[in-house]
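>
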Amino acid sequence: MAHPYHHSISSVKKWGGTVADYQPIHDWFDHPKQIIADFRHRALRHHAEGIFMAETIFCSTLTLSTGRVVPVRWIGEQHVREDLGFIPPFAD
Ligand SMILES: [Zn+2]
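Numbering follows the numbering used here, with no gaps: position 38 of the sequence shown is 49.
#1: Using the Cα positions of Thr74 and Ile68, report the straight-line distance between them to the nearest angstrom.
#2: Based on the DSSP secondary-structure assignment, which residues constitute the bridge partners of Val81?
#3: Rounded to whole angstroms, what's the CA-CA distance from Glu60 to Pro100? Just pull it up for me.
#4: Heavy atom of ligand 1 less than 7 Å from the Cβ of Phe63, yes or no?
#5: Under 7 Å: does the beta carbon of Ala59 sit that close to some heavy atom of ligand 1?
#6: Count the other C-beta atoms from every protein chain shown that fall within 10 angstroms of the C-beta of Ser22, then say buried if there are 16 or more, exposed otherwise.
#7: Which residue's Cα is closest to the Cα of Glu88: Val30, Thr77, Ser71 and Thr29?
#8: Do Val83 and Ile20 come within 8 Å of each other at the CB atom, strictly closer than that value?
#9: By the 10 Å Cβ neighbour count, where 16 or more other Cβ atoms means buried, how is His18 classified, buried or exposed?
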């Protein structure tokens with residue numbers, strides 16, 4: 012599945028800026044991989060509540076190196092969609 016770097020490249024294509032602008036957010040979504048090195052890590056942050064949690068950690072918007080402001084929610088949704096194809100509710 013996608014590496015945080017590839018998620019960042021995909022974000023750059025959508026909204027501009029650089030890989031470094033997005034990397035901390037995509038790293039955060041995939042961080043539990045370091046503990047659980049299989050698909051179970053996705054259950055921890057790859058859902059609607061995880062995206063909400065990202066907003067509380069990274070603020071509701073990210074200001075890119077270009078000065079453009081992108082909602083963190085959009086970046087989280089992009090990440091989860093690329094990994095799973097959809098955004099599951101927390102209950103799943
Ligand atoms: Zn992921």
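Ideal Cβ positions, reconstructed from N, Cα and C, are used throughout, including at glycine.
None of these values were measured; they are calculated from a predicted model.
Based on what the coordinates show:
#1: 14 Å
#2: Leu73
#3: 7 Å
#4: no
#5: no
#6: buried
#7: Ser71
#8: no
#9: buried
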